[in-house]
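Residue numbers (the numbering used here): -2 to 455. Idealized CB from N, CA, C, for every residue including glycine. Report on the following structure.
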Ligand code: NAD
Ligand code: UGA
């Protein structure tokens, strides 16, 4: 039996360890966190995060070989392999503020590991980290007086929220980076052996530490870049009469380009794209690669522009003012099938419309609690309404901000009847049937498409 520990029971730590425990019944998997409420929630009927398929996987192993605990120190002492999955947000103070990764939680964890260890261990970087973090980790861990040896492995996580369980059950690849030393390679093998319980061996890739750390940042940067690229094209579509869905389909059929991540939207959100690109930008600047830094920074600038362009379109189409108008925002989560609202474009749009003094009603099937927290002081100016029909009643406009499937099948005839006229709908996810909405009577504005409006002046 191997004692596997994961420090950090968040969106990554909880689901990944549940999947490992379910496939490795011979091993003991413990997930620890300093957040007691989170640990309690993992052991309750209401898991701390909403993720399709997660309940079943957790239930299959909880209490058998999957355990959650707040006792970090004791579990460090007992572990053979420690995954570290703590948060690595963007630093908001001092050198590198607004760009560099804030590694304070990371370093605290490393010190805690060395202080509480009585045996040598494998320590796995699961969090997303700047390239060469393992070097610092190694120094902190291996300068100990007890003669203990720690091998550092990089095993970045590629799961996407909303499809986390599916992504982990059938990953495109598992990446494991380690040192080219005998103990380093033994440690790599130990991690390969865990995943080999359910991942085909040819999908488990091993590299050196730095390639593994950098591949994670690069993968997120490439994905975000595709979204910003198609969003840049969407702006041009709106000026020229081209339809971004048709352009996206046409270019995506080229195998060299591929069809994924070409869906124009109100912008990308989520806890990682922005932070990881900023981190990449900071690293490039640190190494004196200013042109490379500028190149990647543009991906974020385009995303900010897309979100604010959406708001400007709303205001200008609604006769240049939304002050005092009730606007229903459909969706708070940064994408469908998650309750996560971190960096959600929906909240950016919400804040910008509040600045314009609109009366905002926010609806979402799973993310209203997180939205209330993430909006902070602005939350008191927002009405939170779980029912989309009630949210739209007496509204001047609806904006679709999250691609929840249930928003496609609503009774838009009934919704139209309940709204103030002329009624506007802004589809920030291009998920609705725009022609049908237009025939119902809506003025329809979609991303990257010509607007479908009714002549308001006779
Ligand atoms: P999260 O904020 O949901 O969870 C991190 C957890 O670590 C928190 O519950 C926090 O209380 C805990 N923690 C912090 N310091 C601790 C300490 N000293 N001891 C014990 N617990 C501690 O973050 P997340 O979304 O799970 O992301 C974790 C890492 O994984 C980040 O580096 C992120 O970039 C990366 N990642 C995230 C995703 C994702 O979809 N969210 C996907 C791939 C990679
Ligand atoms: C992303 C990556 O897809 C994961 O591989 C990675 O592990 C993770 O970041 C991370 O490091 O945290 P995630 O942020 O959960 O996963 O979700 P995505 O599916 O990548 O979507 C990100 C954002 O881009 C969402 O707001 C989504 O709506 C938007 N998006 C995505 C588009 O606007 N258009 C697209 O075509 C695709």
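Using 10 angstroms around the beta-carbon of residue 14, count the other beta-carbons present and answer buried if the total reaches 16, otherwise exposed. Residue 14 is classed as buried because its beta carbon has at least 16 other beta carbons within 10 Å across all chains shown.
From residue 42 to residue 59, what distance separates their C-alpha atoms? The straight-line gap from Cα to Cα measures roughly 12 Å.
Please look up how many angstroms separate the CB atoms of residue 191 and residue 21, rounded, as I've assumed it's under 8 Å. Yes, residue 191 and residue 21 are in contact; Cβ-Cβ is about 6 Å, under 8 Å.
Under the three-state DSSP convention, the category residue 6 falls into: Coil at residue 6, not helix or strand.
Residue 441 classed as buried or exposed, judged by whether at least 16 other C-beta atoms fall within 10 angstroms: Looking at its Cβ environment, which holds 16 or more other Cβ atoms inside 10 Å, residue 441 is buried.
Shell residues, 6 Å Cβ cut-off relative to heavy atoms of ligand 1: With the cut-off at 6 Å, the residues found are 4, 5, 6, 7, 8, 9, 10, 29, 30, 31, 32, 35, 69, 82, 83, 84, 85, 102, 105, 106, 124, 125, 154, 156, 158, 268 and 269.
When DSSP builds the beta bridges, which residues end up paired with residue 192? Beta-bridge annotation (DSSP): residue 192 is not paired with any residue.
Reduced DSSP secondary structure (H/G/I, E/B, other) of residue 71: Note: residue 71 maps to helix in three-state DSSP.
May I have a chain-ordered list of the beta strand (DSSP E) segments no shorter than 3 residues that lie completely inside the segment 362 to 389? Those beta strand (DSSP E) runs which fall completely within the segment 362 to 389 and span 3+ residues are 379 to 381.
Hey, would you say the C-beta of residue 265 is under 7 Å away from at least one heavy atom of ligand 2? The beta carbon of residue 265 sits closer than 7 Å to at least one heavy atom of ligand 2.
Beta-carbon contacts of residue 323 that lie in its chain and below 7 Å, excluding the five residues immediately before and after: So the list reads 356, 358, 391, 392 and 393, once near-sequence residues are dropped.
Quick one: Cα of residue 455 to Cα of residue 396, how far? Confidence at residue 455 is low in this model, with a pLDDT of 46, below 50, so its placement is unreliable and the value that follows should be read with caution. Rounded to whole angstroms, the separation of the alpha carbons of residue 396 and residue 455 is 27 Å.
Could you tell me if the beta carbon of residue 220 falls within a distance shorter than 7 Å of some heavy atom in ligand 4? Ligand 4 is not part of the structure shown, which contains ligand 1 and ligand 2 as its ligands.
Given a cut-off of 8 Å, decide if residue 76 and residue 0 are closer than it, judged by their beta-carbon atoms. In contact: residue 0 and residue 76 (Cβ atoms closer than 8 Å).
Cut-off 8 Å between Cβ atoms - residues of its own chain near residue 384, not counting five sequence neighbours on either side: These residues qualify, in order along the chain: 360.
Starting from residue 356, follow the beta strand (DSSP E) in both directions and report where the run begins and ends. Counting along the chain, the beta strand (DSSP E) containing residue 356 begins and ends at 356 to 360.
Reference residue 398; option with closest CA among 134, 122, 207 and 340: The residue with the shortest Cα to Cα distance from residue 398 is 340.
Anticipated Cβ contact below 8 Å, residue 83 with residue 11, distance rounded: 13 Å between Cβ atoms; not a contact.
Give every residue of the same chain whose Cβ lies closer than 8 Å to the Cβ of residue 208, excluding the five residues on either side of it in the sequence, and list them in chain order. Excluding residues within five positions, the ones whose Cβ falls inside 8 Å are 174.
In the DSSP assignment, what are the bridge partners of residue 1? 26 and 78.
Counterpart residues of residue 204 in DSSP-defined beta bridges: According to DSSP, residue pairing for residue 204 in a beta bridge involves 174.
Do residue 38 and residue 45 have their C-beta atoms within less than 8 Å of each other? Between residue 38 and residue 45, the C-beta spacing is below 8 Å.
Counting pairs of Cβ atoms below 8 Å between the segment 264 to 280 and the segment 291 to 308, do you hit three or more? Output reads yes: the segment 291 to 308 touches the segment 264 to 280.
Inter-residue spacing [alpha-carbon to alpha-carbon] between residue 274 and residue 218: Looking at the two C-alpha atoms, the distance is approximately 6 Å.
Contacts around residue 2, its chain only, beta-carbon distance under 6 Å, and the 5 residues preceding and following it disregarded: Around residue 2: 27, 72, 76 and 79.
Going by the DSSP bridge assignment, what does residue 87 pair with across the sheet? For residue 87, the beta-bridge partners assigned by DSSP are 98.
For residue 242, count neighbouring C-beta atoms within 10 Å of its own C-beta (all shown protein chains included) and say buried if the count is 16 or more, exposed if not. Counting the other Cβ atoms within 10 Å of the Cβ of residue 242 gives 16 or more, which makes it buried.
Collapsed DSSP secondary structure at residue 409 in the structure displayed: Helix.
Between which two residues does the beta strand (DSSP E) harbouring residue 440 extend? For residue 440, the enclosing beta strand (DSSP E) covers residues 440 to 443.
Residues of its chain near residue 123, where Cβ-Cβ distance is below 8 Å and the 5 sequence neighbours each way are ignored: Counting only Cβ-Cβ distances below 8 Å, and skipping sequence neighbours, we find 3, 5, 9, 10, 13, 80, 81, 82, 152, 153 and 154.
Tell whether a beta-carbon distance below 8 Å holds between residue 428 and residue 406. Going by C-beta atoms, residue 428 is not nearer than 8 Å to residue 406.
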